[in-house]
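Student: Numbering (my numbering), first residue to last: 9 to 118. We treat Cβ as the ideally placed atom computed from N, Cα and C, and that holds for glycine. In this text the structure is predicted, and so the values were computed from the model without any measurement. Structure below; questions to follow.
Written out as structure tokens, the structure reads:
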């Protein structure tokens, strides 16, 4: 989800504090100056990237281990089997979290 903002109107630290106060049961992991991860569980999370003119909220595995396991399974098993497992087991939960966090951020910045 891409949220357009006026240039340089939102700081990542301010946004991270607002998201942490709105979702106290989610873990916020700071990755970079303009990049943090909202983690609901070991398999549900979303990346939030604050840019000059937009904020990107992308659902993903929240841990590096989960991302690497998925990548290795694609290499080892081919594309089809891990893709079917991802779509049936993980994609719905990740998309729901992405929409939840994205809707809050969109309401907060507009």
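(1) In three-state DSSP terms, what is residue 62?
(2) Quick one: is residue 106 buried, meaning 16 or more other Cβ sit within 10 Å of its Cβ, or exposed?
(3) Under a Cβ-count criterion, where at least 16 other Cβ atoms within 10 Å of its own Cβ denotes burial, should residue 56 be classed as buried or exposed?
(4) Where residue 18 and residue 74 are concerned, what is the direct C-alpha to C-alpha distance, given to the nearest angstrom?
(5) Measuring straight from C-alpha to C-alpha, what distance separates residue 69 and residue 11?
Tutor: With the given structure in hand:
(1) strand
(2) buried
(3) buried
(4) 30 angstroms
(5) 21 angstroms
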